[in-house]
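One structure below.
Residue numbers (full-length UniProt numbering), protein chains in the order written: chain D, 1 to 374; chain W, 1 to 316.
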């Protein structure tokens with residue numbers, strides 16, 4: 001039976017955020033499996049010939065990332081035959097026995113579709129990533145083989161930018177440390193020395209240096225400006241029409257800012273873009289914020305700089321080898337460590353899942369993809 | 001001026017004490033074995049008191065210092081000083097406005113983000129090794145675009161509004177009278193109405209007789225199970241037992257608190273609610289930069305007074 005459905009066209013961010021409540025309404029066509037009720041509500045166009053399109057329930061989708069997002073897993077299981085690679089004991093055996101049925105892959109920041117996997121799935125048509133970052137997908141290979149790729153831009157921009165600011169405030173104002181201080185009963189003990197030892201730094205007016213002035217970088221800049229922070233940035237090329245100060249090198253940017261934020265995509269060029277030289281330039285009063293990807297930073301160098309006091313502080317949502325975090329960081333008061341929750345609000349996780357499912361459905365119904373990358 | 005005796009009520013800040021000792025004869029009340037005796041012995045020479053927001057100038061202390069000319073407070077809040085009585089007795093009072101506005105506003109936003117995005121709980125999750133065992137499962141809420149209601153649109157309230165606007169938040173407020181220069185924000189003549197229309201309610205008003213317990217059960221209920229209360233003003237603006245029971249019972253979604261009714265004591269139930277509540281030890285103005293600025297103002301006001309000049313930041 002054909003399921004021609006209505007898809008929201010790609011809207012600019014502000015309009016899409018207005019649409020967001022609609023995406024979660026119970027008659028949302030993206031979530032509804034009953035075509036009858038959809039036709040009754042006049043949301044479906046006239047029925048299309050059933051001949052060419054196979055029912056989606058028989059389409060096999062492989063989730064290559066750990067199935068940690070229940071809403072996403074449920075939405076996929078409702079529509080497709082979903083296999084979770086994480087729960088398969090013999091992955092090689094599984095892939096070889098399913099090589100002719102898997103037509104789609106769903107990944108996230110932890111795992112996607114590398115060249116090896118793509119080679120093992122000759123019927124792969126689309127990779128739909130539950131993330132905006134694409135570093136776990138071999139884009140060149142996908143392009144070469146005509147495999148479509150989609151991600152989840154825009155819906156998570158605000159959350160990630162909010163978290164970047166949250167990390168800045170948490171590090172400079174020692175929010176997590178202060179919370180621990182009160183809960184431990186130390187404040188009650190009236191230890192004035194400890195109160196004055198809480199080395200709190202002002203945030204307002206500090207210079208914020210942003211690496212990568214894409215959607216997320218711009219959103220961070222907009223927020224920091226509300227705190228009267230002068231903004232400077234580094235990107236591959238200077239952006240016309242932008243009032244912020246451009247620095248042609250990351251070291252230069254680091255030397256001239258108080259807080260350095262990594263907000264660029266992870267590519268072979270940006271791996272370890274934060275190295276010892278940059279960390280030294282940022283210095284003992286500087287703070288590093290990473291809401292990009294762990295491999296943006298030379299983690300061993302970062303840890304030694306923090307432990308030795310050569311870097312003033314760090315707010316980190318991502319790490320080289322998640323969920324493993326260098327334990328030397330655990331006793332430091334000048335770091336805030338988060339378990340990769342940049343896009344982790346209930347609202348945004350749902351919107352991201354809707355995009356993943358929506359892109360897959362669009363593909364299998366021969367409609368334009370919602371958020372294509374390749 | 002080295003012979004002018006200035007009484008410090010408590011060890012507020014080492015830089016402040018050092019600056020005072022450079023210029024005046026500083027008497028430290030907290031070092032005295034017998035406070036009343038100490039005051040009796042020195043009451044003919046003490047001409048100034050330096051105190052902070054939490055201690056202020058008690059009626060007993062005022063009565064014990066007949067030669068008191070000026071109280072220079074290391075705070076913007078004046079709720080612990082009887083301003084009427086000071087006026088009556090011709091005692092000058094100065095505070096530290098403006099220099100701390102940004103810091104307090106920054107903390108208001110910081111607490112909001114910390115509550116909504118569960119920052120301390122997430123940080124604990126990593127440090128305790130729990131992340132290695134599984135993904136962080138607690139639901140967190142978006143801040144951008146939410147409705148922020150501000151009680152008191154003074155310097156600090158306005159600074160909070162400006163910052164929240166950077167996150168696309170809709171701003172509304174309550175104050176004694178509407179502010180014509182803030183016509184782009186929605187004014188609510190009642191705090192209950194403001195709370196009913198806000199996702200996040202921030203207390204940013206001065207503590208006066210009128211604003212004591214301005215956040216009461218009715219307001220808390222209007223804010224509701226998905227609402228968040230942030231208090232960077234004074235503990236007594238909130239009915240603390242009502243706040244605690246609302247949080248425990250889930251009638252209020254969360255709270256970010258820098259101030260409490262009886263500092264440094266914090267209700268035990270708030271200590272236990274470590275996922276929906278974020279606590280700070282009255283650190284609103286606590287950065288190095290601002291504390292220095294405040295100290296310079298305290299000293300500057302005293303120097304101005306004793307030189308017969310205009311006070312820098314007089315209240316009375």
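Glycine residues also receive a C-beta, built at the ideal position from the N, C-alpha and C atoms. Predicted model only: the values in this text are computed from it and were never measured.
Contact set between residue i and chain D, taken where Cβ atoms lie within less than 8 Å
{"i": "residue 95(W)", "result": "Those do not exist, as residue 95(W) stays about 20 Å from chain D at its closest Cβ, beyond 8 Å."}
{"i": "residue 162(W)", "result": "226"}
{"i": "residue 231(W)", "result": "Under the 8 Å cutoff, chain D gives no residues; its nearest Cβ is about 14 Å from residue 231(W)."}
Endpoints, the alpha helix (DSSP H) within which residue i is located
{"i": "residue 292(W)", "result": "288-306"}
{"i": "residue 218(D)", "result": "215-225"}
{"i": "residue 310(D)", "result": "Run containing residue 310(D): none; DSSP gives neither H nor E here."}
{"i": "residue 297(D)", "result": "Residue 297(D) -> no alpha helix (DSSP H), and no H or E assigned at all."}
{"i": "residue 178(D)", "result": "175-183"}
{"i": "residue 94(D)", "result": "91-97"}
{"i": "residue 124(W)", "result": "119-127"}
Interface partners of residue i on chain W, CB under 9 Å
{"i": "residue 71(D)", "result": "The premise fails here: residue 71(D) is roughly 11 Å from chain W at the closest Cβ pair, so nothing lies under 9 Å."}
{"i": "residue 246(D)", "result": "The contacting residues do not exist; residue 246(D) stays about 22 Å from chain W at best."}
{"i": "residue 295(D)", "result": "Here the premise fails: no neighbours, minimum Cβ distance about 18 Å."}
{"i": "residue 86(D)", "result": "Under the 9 Å cutoff, chain W gives no residues; its nearest Cβ is about 12 Å from residue 86(D)."}
Cβ neighbours of residue i in the same chain (closer than 8 Å, five flanking residues each side left out)
{"i": "residue 114(W)", "result": "120, 256, 278"}
{"i": "residue 80(D)", "result": "56, 57, 59, 60, 61, 104, 360"}
{"i": "residue 219(D)", "result": "157, 158, 160, 161"}
Three-state class that DSSP yields for residue i in the structure shown
{"i": "residue 155(D)", "result": "coil"}
{"i": "residue 112(W)", "result": "helix"}
{"i": "residue 118(D)", "result": "helix"}
{"i": "residue 34(W)", "result": "coil"}
{"i": "residue 358(D)", "result": "helix"}
{"i": "residue 255(W)", "result": "strand"}
{"i": "residue 83(W)", "result": "helix"}
{"i": "residue 316(W)", "result": "coil"}
{"i": "residue 245(W)", "result": "helix"}
{"i": "residue 39(D)", "result": "The predicted model places residue 39(D) with a pLDDT of 40, which falls under 50 and marks its position as unreliable; any figure quoted below should be read in that light. Correct three-state label for residue 39(D): helix."}
{"i": "residue 51(W)", "result": "strand"}
{"i": "residue 403(D)", "result": "One cannot answer for residue 403(D) here, as it falls past the ends of chain D, which runs 1 to 374."}
{"i": "residue 132(W)", "result": "helix"}
{"i": "residue 272(D)", "result": "coil"}
{"i": "residue 282(W)", "result": "coil"}
{"i": "residue 137(W)", "result": "coil"}
{"i": "residue 160(W)", "result": "helix"}
{"i": "residue 366(D)", "result": "coil"}
{"i": "residue 147(D)", "result": "coil"}
{"i": "residue 170(W)", "result": "strand"}
{"i": "residue 9(D)", "result": "Its pLDDT being 38, under 50, residue 9(D) is placed unreliably in this model, and the coordinates cannot settle the point."}
{"i": "residue 242(D)", "result": "coil"}
{"i": "residue 42(W)", "result": "helix"}
{"i": "residue 207(D)", "result": "coil"}
{"i": "residue 166(D)", "result": "helix"}
{"i": "residue 266(D)", "result": "coil"}
Chain-order list of residues whose beta-carbon lies under 6 Å from that of residue i (same chain, five-residue window excluded)
{"i": "residue 260(W)", "result": "235, 266"}
{"i": "residue 39(D)", "result": "Low confidence applies to residue 39(D): its pLDDT is 40, below 50, so where it sits in the model is not reliable enough to give any reading."}
{"i": "residue 103(W)", "result": "285, 287, 290"}
{"i": "residue 149(W)", "result": "172, 194, 198, 201"}
7 Å Cβ cut-off: residues of chain D touching residue i
{"i": "residue 122(W)", "result": "338, 339, 341"}
{"i": "residue 50(W)", "result": "Ordered by position in chain D, no residue passes the 7 Å Cβ test against residue 50(W), which lies about 15 Å from the chain."}
Chain-ordered neighbours of residue i on chain D, where CB pairs are closer than 9 Å
{"i": "residue 106(W)", "result": "169, 172, 173, 202, 203, 204, 227"}
{"i": "residue 103(W)", "result": "173, 200, 202, 203, 204"}
{"i": "residue 39(W)", "result": "Correct list: empty, because the minimum Cβ distance to chain D is about 22 Å."}
{"i": "residue 292(W)", "result": "The contacting residues do not exist; residue 292(W) stays about 10 Å from chain D at best."}
{"i": "residue 114(W)", "result": "166, 169, 170, 175, 176, 179"}
N-terminal and C-terminal residue of the beta strand (DSSP E) that residue i is part of
{"i": "residue 234(D)", "result": "231-234"}
{"i": "residue 126(D)", "result": "126-129"}
Test: residue i CB closer than 7 Å to a CB of chain C
{"i": "residue 125(W)", "result": "The structure shown contains no chain C; the protein chains it does contain are D and W."}
Beta-carbon proximity list for residue i, same chain, < 7 Å, skipping 5 on both sides
{"i": "residue 69(D)", "result": "130, 349, 353"}
{"i": "residue 364(D)", "result": "56, 59"}
{"i": "residue 369(D)", "result": "148, 150, 359, 362, 363"}
{"i": "residue 64(W)", "result": "39, 43"}
{"i": "residue 230(D)", "result": "207"}
Cβ distance (whole Å) where residue i is taken to contact residue j below 8 Å
{"i": "residue 204(W)", "j": "residue 151(W)", "result": "6 Å"}
{"i": "residue 268(D)", "j": "residue 311(D)", "result": "No, residue 268(D) and residue 311(D) are not in contact; Cβ-Cβ is about 25 Å, not under 8 Å."}
Under 8 Å by beta carbon: chain W residues contacting residue i
{"i": "residue 65(D)", "result": "Chain W residues near residue 65(D): none, gap ~11 Å exceeds 8 Å."}
{"i": "residue 183(D)", "result": "271, 274, 279"}
{"i": "residue 214(D)", "result": "Here the premise fails: no neighbours, minimum Cβ distance about 17 Å."}
Per-residue contacts from residue i into chain W (C-beta, under 7 Å)
{"i": "residue 347(D)", "result": "142"}
{"i": "residue 323(D)", "result": "131, 132"}
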